[in-house]
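A.B. asks: Residues 180 to 401 in the UniProt record's numbering are what the sequence shown spells out, letter by letter.
In this text, a Cβ means the ideal position worked out from N, Cα and C, and glycines have one as well.
Keep in mind the model is a prediction, meaning the values are calculated, not measured.
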Amino acid sequence: AATGPLAGKKVVVTAGGTREPLDPVRYLTNHSSGKMGFAIATAARQAGAEVTLIAANPQITPPEGIQLVKVETAAELLAAVKAQFKNADILVMAAAVADYRPAEVAKKKIKKTADNQTMSLELVRNPDILKEISTIKQANQIVVGFAAETNDLIANAEKKIKSKNLDLIVANDVSQAGIGFNADDNQVTFLFADGRQIKTTIESKSKVASQLIDIISNKLQK
Ligand code: C5P
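1) The ligand C5P heavy atoms versus the CB of Asp278: any closer than 7 Å?
2) What residue does the alpha helix (DSSP H) around Leu399 start on, and which one ends it?
3) Could you round the C-beta distance between Ile381 and Ala222 to whole angstroms and report it? I think they count as a contact, below 8 Å.
4) How many Å lie between Gln400 and Val367 at the Cα?
5) At which residues does the alpha helix (DSSP H) containing Phe217 begin and terminate?
6) If you follow the beta strand (DSSP E) that Thr368 is part of, which residue opens it and which one closes it?
7) Thinking C-alpha only, which one of Lys188, Asp202, Leu185 is nearest Val284?
8) For Asn335, which three-state DSSP category applies?
9) Do you know how far the Cα of Lys286 is from the Cα of Leu347?
10) Within this structure, are the beta carbons of Lys310 and Gly324 separated by less than 8 Å?
11) Thinking just about the alpha-carbon of each residue, which of Asp268, Val303, Lys386, Ala234 is nearest to the one in Leu257?
12) If you draw a straight line from the alpha carbon of Gln317 to that of Thr292, how long is it in whole angstroms?
13) Looking at C-alpha atoms only, which residue of Ile289, Ala181, Gly195, Val271 is the closest neighbour of Ala277?
14) How about Ala326: is its Cβ closer than 7 Å to a heavy atom in the ligand C5P?
15) Can you check which of these residues, Gly227, Lys265, Ala275, Asn266, is closest to Val250 by C-alpha distance?
16) Is it buried or exposed for Thr297, if we count other Cβ within 10 angstroms and need 16 for buried?
17) Specify, as a first and last residue, the run of the alpha helix (DSSP H) that Thr314 falls within.
18) Starting from Lys343, follow the beta strand (DSSP E) in both directions and report where the run begins and ends.
19) Under the assumption that Val248 contacts Ala259 (Cβ atoms under 8 Å), give the Cβ distance between them as a whole number of angstroms.
20) Can you list, in chain order, the residues of its chain with a C-beta nearer than 6 Å to that of residue 446? Leave out the 5 residues immediately preceding and following it.
21) Would you kindly work out how many angstroms separate the C-alpha atoms of Ala336 and Ser354, rounded to a whole number?
22) Please report the straight-line C-alpha distance between Ile245 and Phe264, rounded to a whole angstrom.
Rendered as structure tokens:
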């Protein structure tokens with residue numbers, strides 16, 4: 180049997196970025212590579228947890244020995260998270276989820292025409308997965324969100340921790356080169372529901388991940 184601070188615990192981690200199709204050949208997405216979520220899944224497994232990794236279009240190879248669920252769209256991610264959360268102790272939502280999706284997905288490739296010098300796309304809101312999870316969350320379940328921002332990082336993260344009813348949020352400045360999206364390094368602020376903050380130095384994503392897993396393990400012991 181596994182040993183470590185998370186032995187006997189089920190951890191669900193989401194990673195990557197959703198793709199929202201417009202037609203059979205095109206989609207809307209973001210720059211998330213999956214690296215941060217994969218590092219968290221690996222750290223959780225090293226801590227002895229049973230880990231399920233829900234990966235949305237990862238740009239890197241998933242870690243071995245971890246149960247992998249592949250999804251593409253936010254709607255698919257929502258369904259997978261809901262199914263996995265039921266018997267989970269911990270959920271870490273590191274995936275970058277599209278806030279909007281095309282209102283309609285064309286069945287055939289959308290063609291340009293000589294007359295159309297511009298085109299507009301109607302988008303509709305995607306469900307907020309963490310908000311939906313907050314309505315079914317039990318007191319003994321720990322939910323961690325991410326906040327990727329280019330500005331007003333901490334203020335935005337503080338709003339999110341409340342509106343999404345999170346235990347912890349990992350605030351991540353994605354405006355700086357070398358950290359955040361697609362990079363191997365990161366610098367984050369861990370923000371707790373009680374207002375406490377811990378800012379890391381610039382360090383590898385695997386180091387950030389193991390700090391996060393330590394924080395979660397400590398929380399569980401309380
Ligand atoms: O509100 P915002 O998208 O910036 O919040 C980021 C956090 O919320 C991340 O943990 C992300 O995975 C999650 N999220 C979500 N459902 C969405 C959008 C984001 O659960 N539709």
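C.D. replies: To lay it out plainly:
1) Start at 1 with the first residue of the sequence shown, and residue 278 comes out as number 99. Checking every heavy atom of the ligand C5P against the Cβ of Asp278, one is found closer than 7 Å.
2) One-based indexing of the sequence shown puts residue 399 at position 220. Per DSSP, Leu399 belongs to the alpha helix (DSSP H) from 384 to 400.
3) Counting from one through the sequence shown, the residue named residue 381 turns up at place 202. Counting from one through the sequence shown, the residue named residue 222 turns up at place 43. About 18 Å separates the two Cβ atoms, so there is no contact after all.
4) To locate residue 400, count along the sequence shown from 1; it is residue 221. To locate residue 367, count along the sequence shown from 1; it is residue 188. Their Cα atoms are separated by approximately 23 Å.
5) Taking the first residue of the sequence shown as position 1, residue 217 is located at position 38. 214 to 225 is the span of the alpha helix (DSSP H), which, as asked, contains Phe217.
6) The residue given as residue 368 occupies position 189 in the sequence shown. 367 to 371 is the extent of the beta strand (DSSP E) around Thr368.
7) Translated into positions along the sequence shown, residue 284 becomes position 105. Considering only alpha carbons, the answer is Asp202.
8) For this step, residue 335 is matched to residue 156 along the sequence shown. Here Asn335 sits in helix by DSSP.
9) The count along the sequence shown starts at 1 and reaches residue 347 at position 168. The count along the sequence shown starts at 1 and reaches residue 286 at position 107. Roughly 41 Å between the two C-alpha positions.
10) Translated into the one-based positions of the sequence shown, residue 310 becomes position 131. Translated into the one-based positions of the sequence shown, residue 324 becomes position 145. Not closer than 8 Å, so no.
11) Reading the sequence shown from its first residue, position 78 is the one you call residue 257. Looking at the Cα atoms, Ala234 is the closest of the given residues.
12) Counting from one through the sequence shown, the residue named residue 317 turns up at place 138. Counting from one through the sequence shown, the residue named residue 292 turns up at place 113. Approximately 53 Å between the Cα atoms of the pair.
13) Counting from one through the sequence shown, the residue named residue 277 turns up at place 98. Closest by alpha carbon: Gly195.
14) As a first step, residue 326 is located in the sequence shown; it is residue number 147 there, counting from the start. Indeed, a heavy atom of the ligand C5P lies less than 7 Å from the Cβ.
15) If you number the sequence shown from 1, residue 250 lands on position 71. When only C-alpha atoms are compared, the closest one is Ala275.
16) As a first step, residue 297 is located in the sequence shown; it is residue number 118 there, counting from the start. Under this definition Thr297 is an exposed residue.
17) As a position in the sequence shown, residue 314 is number 135, starting the count at 1. Its alpha helix (DSSP H) spans residues 308 to 315.
18) Numbered from its first residue, the sequence shown carries residue 343 at position 164. Element bounds for Lys343: n/a, residue is neither H nor E.
19) As a position in the sequence shown, residue 248 is number 69, starting the count at 1. As a position in the sequence shown, residue 259 is number 80, starting the count at 1. Indeed, because the Cβ distance is near 5 Å, the residues count as touching under 8 Å.
20) In this structure the chain extends from 180 to 401, so residue 446 is not present and cannot be described.
21) If you number the sequence shown from 1, residue 336 lands on position 157. If you number the sequence shown from 1, residue 354 lands on position 175. When rounded, the distance between both Cα atoms is 15 Å.
22) For the purposes of this step, residue 245 is taken as the residue at position 66 of the sequence shown. For the purposes of this step, residue 264 is taken as the residue at position 85 of the sequence shown. Going by the C-alpha atoms only, they are around 16 Å apart.
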